[in-house]
Amino acid sequence: MWARVTELSGAAQPQRQHAVTSSAMMTRRDPWVNLLRTTIACFAAGTGGADAITVQPFDAAIGESDSFARRIARNTQSLLLDEANLGRVTDAAGGSWYVESLTDSLALQAWAWFQDIERAGGIRDAIASGIVERRINTTWTQRLKNIARRKDTITGVSEFPDSTETPVTRPPHEAIDRTGDLALIPHRYAEAFEALRDRADTAPTRPSVFFANLGPIAVHAARAMFAKNFFEVAGIAVLGNDGFESPVAVEAAFAASGAQLACICSSDAVYAERADATASALHQAGARRVYLAGRHEAPGVDEHIYAGCDALATLTRALDTLDVPGSGARALDVSGSGARALDVK
């Protein structure tokens, strides 16, 4: 792209490319995974031809980074240069068809966007007219949909959360004041799911869900494990068991658990025989909401959880059902000329 700019503008100075690892991808929960994210980003920038790279510390999204985090960030480049030997390769991606193809596609789309900005009168006029904000909001809205359905997964946050982690704390960053109506709203990919964990952590008692596992472990284990991962994303504790053989046993165990939510876990074959009666027994015992792991339709089941469902909305409703203090997850409404925050219900 820079070659194209110099061709059209007559600029002669070569560009010095400085890459900075993304702030949007950083998480506050399980921040140690950020070490992997920034290492991959640094690798990509280096093989992509960056002349200088700034690796953000793993705790950058939490607050002011400490000396350990800054040292690890600095050493990331040294590890890639000297131990992974990236510094000994002139053009690691050179000749790769898929890299060249993706690069060409990105360059063409970026150039078209630059042309849109120029047609709007330059970047200042483009921002003032709202086209930059609308494009960013459109992209964010689609990305949030993918995140909410866990199509775009965030390890340690929307998938495989560490329910026993001790949150990392840091002094807060110095606040930056908004200087006008044109200031764009920054987002991190993990923020909506992390807001659910924050709600659960501030509840007077830990929110919980009772698992109505039906049949032997071999039958219900797969869906029970999926459901455990699903609910722990929102900080909801799972009350598990080895399985039940009758709705009466489920009803008694749920009543003794003190939980208000229940999730039925088993195979489709068992669901066909026992899901209806189990859901009815759970409601009879006082369950405020009954979930089923899978797509099997059964009377009395209030909601289904499965791969690809809107996990963000489902978990928000779960916390709302339990009257956990705090607002729902935040999304963007871009139906008008500007963006505004909406609760996801």
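The end of the sequence shown is residue 344 by numbering that gives the first Met the number 0, with every number in the run present.
Idealized CB from N, CA, C, for every residue including glycine.
Owing to the predicted nature of the structure, the values given are computational and were not obtained by experimental measurement.
* Asked: Buried or exposed: which applies to N212, given that a residue is buried once 16 or more other Cβ atoms fall within 10 Å of its Cβ?
  -> Taking every protein chain shown into account, the CB of N212 has 16 or more other CB atoms within 10 angstroms, so this residue is buried.
* Which runs of the alpha helix (DSSP H), 4 residues or longer, sit entirely within the segment 263-321? -> Runs of the alpha helix (DSSP H) inside the segment 263-321: 267-283, 310-320.
* To do: Under 8 Å by Cβ, that's how I've got F27 and I61 pegged, so tell me the actual separation to the nearest angstrom.
  => The sequence as given places Arg at residue 27; Phe does not occur at that position. About 5 Å; that satisfies the 8 Å criterion.
* Proximity winner among V269, P203, T204, D200, relative to V218 (alpha-carbon distances) -> The residue with the shortest Cα to Cα distance from V218 is V269.
* Does the segment 308-315 touch the segment 145-155, meaning 3 or more C-beta pairs lie closer than 8 Å? -> Counting C-beta pairs with one atom in each stretch, the segment 145-155 and the segment 308-315 have three or more that are closer than 8 Å, which means they touch.
* Could you please give the first and the last residue of the uninterrupted alpha helix (DSSP H) stretch that includes T37? => 33-46 is the extent of the alpha helix (DSSP H) around T37.
* Apart from the five residues just before and just after V323, which ones in its own chain have a Cβ nearer than 7 Å to its Cβ? -> Here V323 has R198, A199, A202, P206 as same chain residues with Cβ atoms under 7 Å from its own Cβ, once five neighbours each way along the sequence are excluded.
* **At least three beta-carbon pairs within less than 8 Å, the segment 261-268 to the segment 220-238** => Contact between the segment 261-268 and the segment 220-238 is present, because at least three Cβ pairs lie under 8 Å.
* For A40, collect the residues of the same chain with a Cβ closer than 7 Å to its Cβ; drop the 5 residues on either side in sequence, then sort them by chain order. => Hits under 7 Å: T20, S21.
* To do: Answer with buried or exposed for V247, where buried requires no fewer than 16 other C-beta atoms within 10 angstroms of its C-beta.
  => With fewer than 16 Cβ atoms within 10 Å of its Cβ, V247 is classed as exposed.
* **Beta-carbon contacts of V167 that lie in its chain and below 7 Å, excluding the five residues immediately before and after** => Closer than 7 Å at Cβ, skipping near neighbours: P30, D58, I61.
* Extent of the continuous alpha helix (DSSP H) to which T53 belongs -> Per DSSP, T53 belongs to no alpha helix (DSSP H); it is in the beta strand (DSSP E), 51-53.
* Starting from the N-terminal side, write out each stretch of the alpha helix (DSSP H) that is 4 residues or longer and does not extend beyond the segment 87-157. => Within the segment 87-157, the complete alpha helix (DSSP H) runs of at least 4 residues fall at 96-118, 122-128, 130-147.
* Asked: Using 8 Å as the Cβ pair cut-off and three pairs as the minimum, do the segment 74-91 and the segment 180-194 touch?
  -> Segments in contact, no.
* **Element boundaries [alpha helix (DSSP H), containing S256]** => Counting along the chain, the alpha helix (DSSP H) containing S256 begins and ends at 246-256.
* Three or more C-beta pairs below 8 Å linking the segment 274-289 and the segment 247-257 -> Contact between the segment 274-289 and the segment 247-257 is present, because at least three Cβ pairs lie under 8 Å.
* Asked: L238 lies in the beta strand (DSSP E); which residues open and close that run?
  -> It spans 236-238 - the beta strand (DSSP E) in which L238 sits, taken as one unbroken run.
* What whole-angstrom Cβ distance do A278 and V300 have, given they're in contact under 8 Å? -> V300 and A278 do touch by the CB rule: their CB atoms are close to 5 Å apart, below 8 Å.
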